[in-house]
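A.B. asks:
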Amino acid sequence: MDGALFYPFPDAGQQTAFRVLVILSLVLFVFLVGRRVSVLIRTKRDPRLEGIGQRVAALFYDGFLQPRQWQYQISAFFHFLIFWGFIVLTWRSVSLLAMGLFPSFAPQYPPGAVALVYTSIKELFEVLVLFACTAALVRRAVVRPDRYRGSRQTDAYIVLTLIGILMVSDMAFEGSRMLLLGHETGWKHSSSISKIFFSGLDARTLQRLITWSFWVHMACFFLFLNFLPLSKHFHILTALPNVFLRKRIRGEAKPPRWESPDIEALDEAGVGRIEDMTWKQTLDLFTCTECGRCTDHCPAYAVGRDLSPKQVIMALRDCARGHFIPEQSGKGNTGDGGQTQNAGDLLEDRTIWACTTCGACEAQCPVFVEHVDKIIDLRRYRVLMKSEFPPELESMFRNLEFSGDPWGNGSGQRSGWAEGLDLPRISEERPMKTLLWVGCSGAYDSQYQHVIRTLVRVLKAGGMEFGILGPWEQCCGDVARRTGNELLFQQVAERNIDQLKRAGVQRIITACPHGFNTLKNEYPRFGGQFHVLHHSQVIQDLLGNGQLTAASKIKSRIIYHDPCYLGRYNNIYGSPREILRILGEEVNLEADRNKAQGFCCGAGGGYMWLVESGSRVNEARAAQLVRHDADIVATACPFCHNMLTEAMGALPAGTRIPKVRDIAELIGEVL
Ligand code: SF4
Ligand code: SF4
C-alpha cells in the first residue's frame with residue numbers, strides 16, 4: 012500500500028487550516044507557560060542543583076516509579092496506568108502532529124519491527140488508559156474520597172475527559188485506517204475494538220472517519236496542552252522537575268534568605284509578600300495536584316484544628332496567581348483570588364500556629380511539595396516582622412534568651428540530674444572528643460532525667476568514654492527555629508557551636524531527636540560540623556559489636572512509636588526496631604501509622620509550650636496505640652515520652668494502659 016494514501020487530509024485547504032491551528036496553539040502554549048515561568052523569575056533565590064547524581068537517581072525512583080502513590084492503592088493503580096500511558100501516547104500524538112504537518116511523515120506499510128512493537132504497546136495502553144480515566148471519573152463523581160474535598164474537581168473532569176477523547180479518537184483513526192488499507196499492525200487491541208463498529212463501511216466513509224478522528228484528536232491535544240498552565244494539571248509539566256529539585260537535607264529548615272543565611276544581615280525575614288517566597292517554593296505551589304494526601308495524614312487536621320496543608324498550598328498558589336497573573340487568579344480560598352491579600356496575612360493565625368512541623372504532609376506528597384518551610388517562613392514573618400505570636404511563646408522565648416532553656420531553669424541547675432554519676436564536664440580546660448548532649452528535657456524534665464541517667468549507665472557499660480557540657484550546654488534552638496524566631500535560634504546556635512568547638516568536641520551522642528536533627532542538619536550551615544549520633548544508633552552498635560549484652564529478654568508485648576524528627580526527618584527507623592528485636596521476647600508490634608506514615612505525638616513545632624484547644628494530638632496518638640493491646644509503648648524521644656505518658660493518663664477508665672518507655676530504659680532493665 013502507498014503511504015500517501017494514509018495522509019489524513021483530503022485537500023490542501025484542510026492542511027493549511029491544520030498548520031494555522033498548530034501555530035496558534037503553540038504560540039498560546041508558550042505564552043501561558045511563559046507567564047507561569049515569569050512568576051518564578053520574580054521570586055527569591057533558592058540553590059537547588061547540588062548533588063546532581065543523587066537527584067537523577069531520586070528522579071527515576073520517586074518520579075517514574077512513584078512509590079508514594081501506592082499508599083492509596085486504587086488511585087495509584089489508575090494513576091500508574093494514566094502516567095505510563097501518557098508517556099507512551101504522547102509520542103503517538105506528536106507523530107500524528109508531524110504527519111499532519113508534513114505528508115512525508117505518513118507511515119509506510121508494511122511497518123518495520125520497531126513500529127510494530129510500538130503500535131502494539133500503544134494500543135494496549137489506549138485500552139488501559141481509557142479504562143483508568145473512566146474509573147477515575149466514576150470514582151471522583153460517585154465515591155468522592157474525603158481527601159478531594161476543596162479540590163477543583165472540574166479541572167479533573169475536564170482533563171480525564173480530554174484524555175479519554177484522545178484515546179477514542181486515535182482508536183477510531185487506527186481502526187478505520189486498518190479497514191481502509193486492509194492492513195493490521197501489532198496486537199490490534201484498541202483498533203480491533205473500533206473495527207467492530209466500522210466494519211461494513213465503504214472506503215469513502217472510512218476516509219472521512221480518518222480525517223475527522225484526526226481532527227478531533229489534534230484539537231483535543233491542543234486543548235489539553237493549553238489547559239495545563241491554566242489548571243492544577245500544570246503538574247503534568249512540573250512534577251518531574253519538582254521531584255528533581257527537592258530538598259536534599261530534609262531536616263534542615265530553609266534559611267530565611269539564601270543570599271544571606273545570617274538573620275542579622277537582613278532587613279526583613281519570612282514571607283510577608285508573595286515575592287518573599289523562593290522560586291522553588293512557588294514551583295511547589297504550581298505543582299500541587301490537590302490530591303489531599305497531605306491533609307489526610309496531617310495530625311493537626313485529624314484532631315480538628317484549622318489546618319489543612321492542602322488548603323495552605325492552594326491559598327498561597329491563588330495568592331501567587333492573583334498577584335502576578337490577576338486574570339488567572341483562583342477562586343475560593345482567598346475569597347478574592349488573593350489579589351488584594353498580603354501573603355503573610357493570608358492565613359489565619361490559628362492555621363499558621365496549628366502545625367507541629369511533623370513532616371507527615373511532606374512524606375506523603377507524591378510531587379514533593381515542601382509544606383513545613385513555608386509554614387515556618389509565615390511564622391518568621393509574624394514573629395520577626397510583626398511581633399505577633401501566641402502569648403505562651405513569649406516567656407519561652409525570654410527564657411531561652413536569658414536562661415538558655417525554654418523553662419527558665421538556668422544553667423545553675425542544668426547538671427543537677429548528673430549528681431553522683433561521676434561524669435566529666437567537658438570544657439576548654441578539659442577537652443574530650445565524645446559528648447553526651449543531654450538536651451533540655453534530659454536536664455530538667457523530672458520524668459525524663461531517669462532516662463538520661465539510665466543512658467549514661469548503658470553507655471558506660473558499653474565501654475564508652477564521654478563527658479557532658481554541664482552548665483555550658485544550652486538549648487539547641489530547635490523550638491525557636493520552628494516557631495519562627497530565627498534570630499533567637501541563630502544566637503543560641505552560635506553560642507553552642509562556639510562552646511562545642513572550644514571544648515574540642517568531635518562526636519555528639521544525644522537521646523533527643525530534635526537536638527540530633529538540629530546539631531546534625533542545621534549547625535553545619537553556621538560552621539558547626541560534628542559527627543552526631545542518636546542514642547538508638549549507638550546502642551544498636553554496642554549490641555551488634557558485643558560490647559553490650561542483654562542478660563535476659565523483656566517478656567512484654569512492645570509497640571514502637573516513631574518520633575517524627577528521628578524517622579521522617581532523618582530516616583532512622585531501623586536502629587530502634589533492631590534494639591527491640593534483640594530485647595523483646597514477644598513479637599514487637601507495629602502501629603497502624605508507622606515509619607514515614609507515623610502519627611506525631613503532638614509536641615513538635617513549639618507544641619511542648621503551646622496550649623492546645625479541643626482534641627489533642629497526643630491523645631489521638633495514644634488512642635491509636637492502645638488498640639494494639641501492647642504492654643509497653645517504646646519510643647526514642649523525650650517529647651514523645653512526655654506527651655504519650657501524659658496522654659495515656661487521660662484515656663477513658665477501663666482502657667488497658669501500656670507503659671511508655673524509652674529504648675534506653677528498656678536496655679537498662681536487661682543489662
Ligand atoms: S507538618 Fe504535620 S502538622 Fe504541620 S501541616 Fe504537615 S502534617 Fe500537618
Ligand atoms: S501538597 Fe502534595 S499531597 Fe498535598 S494536595 Fe498538593 S500534591 Fe497532594
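Oh and the sequence shown: position 106 is 117 in our numbering, straight run, nothing missing. Even for Gly, the Cβ is constructed at its ideal location relative to N, Cα and C. Computed from a predicted structure; not experimentally measured.
#1: Just list the alpha helix (DSSP H) runs in the segment 363 to 427, keeping only unbroken ones of 4 residues or longer that don't cross its boundaries, in chain order.
#2: Below 7 Å, is the gap between the Cβ of G303 and the nearest heavy atom of ligand 4?
#3: Check whether the segment 140 to 155 touches the segment 168 to 186, taking contact to mean three or more Cβ pairs, one atom from each stretch, closer than 8 Å.
#4: Got a sec? Which residues, its chain only, sit under 6 Å from C648 by beta carbon, not counting five neighbours each side?
#5: Let me know if Y576 comes out buried or exposed under the rule of 16 or more other beta-carbons within 10 Å of its beta-carbon.
#6: Buried or exposed: where does M12 fall if 16 or more other Cβ atoms within 10 Å of its Cβ makes it buried?
#7: Going by DSSP, name the residue or residues bridged to A645.
#8: State yes or no: is the C-beta of V683 nearer than 7 Å to some heavy atom of ligand 1?
#9: Taking DSSP as the reference, what is the three-state secondary structure of V449?
#10: What does DSSP give as the partner residues of H542 in its beta bridges?
#11: Which ranges would you report for the alpha helix (DSSP H) in the segment 476 to 532 if only whole runs of at least 4 residues count?
#12: Shorter than 7 Å, the distance from the beta carbon of K258 to the closest heavy atom of ligand 2, or not?
#13: Closer than 7 Å by C-beta to N2: which residues in its own chain qualify, once you throw out the five before and the five after it? Chain order, please.
#14: By the DSSP assignment, the alpha helix (DSSP H) with D181 in it spans what residues?
#15: Which residues does DSSP list as the beta-bridge partners of K55?
#16: Using C-beta distances below 6 Å, list every residue in its chain close to R361, excluding the 5 sequence neighbours before and after it, in chain order.
#17: Using DSSP with H/G/I as helix, E/B as strand and the rest coil, what is I565?
#18: Let me make sure I understand the geometry here. Which of A514, R268, L530 has the alpha-carbon closest to that of A504?
#19: Looking at C-beta atoms only, is the number of pairs between the segment 578 to 586 and the segment 540 to 550 that lie closer than 8 Å three or more?
#20: Can you tell me where the alpha helix (DSSP H) with Q608 in it begins and where it stops?
#21: Using a 10 Å radius around the Cβ and a threshold of 16 neighbouring Cβ atoms, would you call L141 buried or exposed?
#22: What's the C-alpha gap between V671 and I643?
#23: Regarding C309 and ligand 2, is the C-beta to nearest heavy atom distance less than 7 Å?
#24: Roughly how many whole angstroms lie between the Cα atoms of T351 and G64?
#25: Can you tell me which of C369, R261, L294 puts its alpha carbon nearest to the alpha carbon of A614?
#26: Between the Cα of S131 and the Cα atoms of R155, G96, P156, which residue gives the shortest distance?
#27: Taking the straight line between their C-alpha atoms, what separation do you get for P240 and H90?
#28: Closer than 6 Å by C-beta to A109: which residues in its own chain qualify, once you throw out the five before and the five after it? Chain order, please.
#29: Which word fits I52, buried or exposed, when buried means at least 16 other C-beta atoms lie within 10 angstroms of its C-beta?
#30: Closest to E533 by CA distance: which of L112, L234, A491 is it?
#31: Report back the beta-carbon spacing between N528 and Y571 to the nearest angstrom; my notes put them in contact at under 8 Å.
#32: Taking just the CA atoms, how far does T54 sit from T27?
#33: Between H382 and P320, how many whole angstroms is the CB-CB distance? I'm expecting something under 8 Å.
#34: What do you reckon, are the CB atoms on I674 and I590 nearer than 8 Å?
#35: Between the Cα of D213 and those of R188, F235, S422, S203, spot the shortest distance and give me the residue it belongs to.
#36: How many Å lie between N653 and I85 at the Cα?
C.D. replies: According to the structure data:
#1: Counting whole runs of 4 or more residues, the segment 363 to 427 contains the alpha helix (DSSP H) stretches 371 to 375, 382 to 391, 402 to 414.
#2: Ligand 4 is not part of this structure, which contains only ligand 1 and ligand 2.
#3: Verdict: yes, contact present.
#4: Sequence-distant partners of C648 (beyond 5 residues in either direction) whose C-beta falls short of 6 Å from its own C-beta, in its chain, are P524, P574.
#5: Using a 10 angstroms sphere on the CB of Y576, the tally of other CB atoms reaches 16 or more, which defines it as buried.
#6: In this prediction, M12 has a pLDDT of 43, which is less than 50 and means its spatial position is unreliable; what the coordinates show is noted afterwards. Residue environment analysis places M12 among the exposed positions, since fewer than 16 neighbouring C-beta atoms fall within 10 angstroms of its C-beta.
#7: When beta bridges are read from the DSSP output, A645 appears opposite Y571, R672.
#8: Outside the displayed span of the chain (12 to 682) sits residue 683, for which this structure offers no information.
#9: In the displayed model, V449 falls within coil according to three-state DSSP, outside both helix and strand.
#10: Note: H542 is bridge-paired with R518 in the DSSP secondary-structure output.
#11: Correct list: 489 to 493, 497 to 513, 524 to 528.
#12: False, no ligand heavy atom lies under 7 Å from that Cβ.
#13: A question about residue 2 goes unanswered here, because the residues of the chain that appear run from 12 up to 682.
#14: Where D181 is concerned, the enclosing alpha helix (DSSP H) stretches over 164 to 192.
#15: K55 is bridged by DSSP to T289.
#16: Excluding sequence positions up to five before and after R361, its CB lies within less than 6 Å of the CB of D317, all in the same chain and listed in chain order.
#17: It is a strand residue.
#18: Nearest of A514, R268, L530 to A504, Cα basis: L530.
#19: Result yes; three or more Cβ-Cβ pairs closer than 8 Å.
#20: Note, Q608: premise wrong, no alpha helix (DSSP H); not H, not E.
#21: In this structure L141 is buried. Its beta-carbon is surrounded by 16 or more other beta-carbon atoms within 10 angstroms.
#22: So the alpha carbons of these two residues sit roughly 6 Å apart.
#23: Ligand 2 never approaches C309 closely enough for any of its heavy atoms to be under 7 Å from the residue's Cβ.
#24: For T351, the predicted model reports a pLDDT of 46, less than 50, meaning its position is unreliable; a value from the coordinates is still stated below. Taking the straight line from one Cα to the other gives about 42 Å.
#25: Comparing Cα-Cα distances from A614 to each of C369, R261, L294, the minimum goes to C369.
#26: Comparing Cα-Cα distances from S131 to each of R155, G96, P156, the minimum goes to G96.
#27: Going from the Cα of P240 to the Cα of H90 covers about 20 Å.
#28: So the qualifying residues of the chain are F116.
#29: I52 comes out exposed.
#30: The candidate whose alpha carbon is nearest that of E533 is A491.
#31: Wrong, their Cβ atoms sit about 19 Å apart, outside the cutoff.
#32: C-alpha of T27 to C-alpha of T54: approximately 42 Å in a straight line.
#33: About 5 Å; that satisfies the 8 Å criterion.
#34: Yes, they are a contact pair.
#35: Checking every option, the nearest Cα to that of D213 belongs to R188.
#36: Computed Cα separation, rounded: 38 Å.
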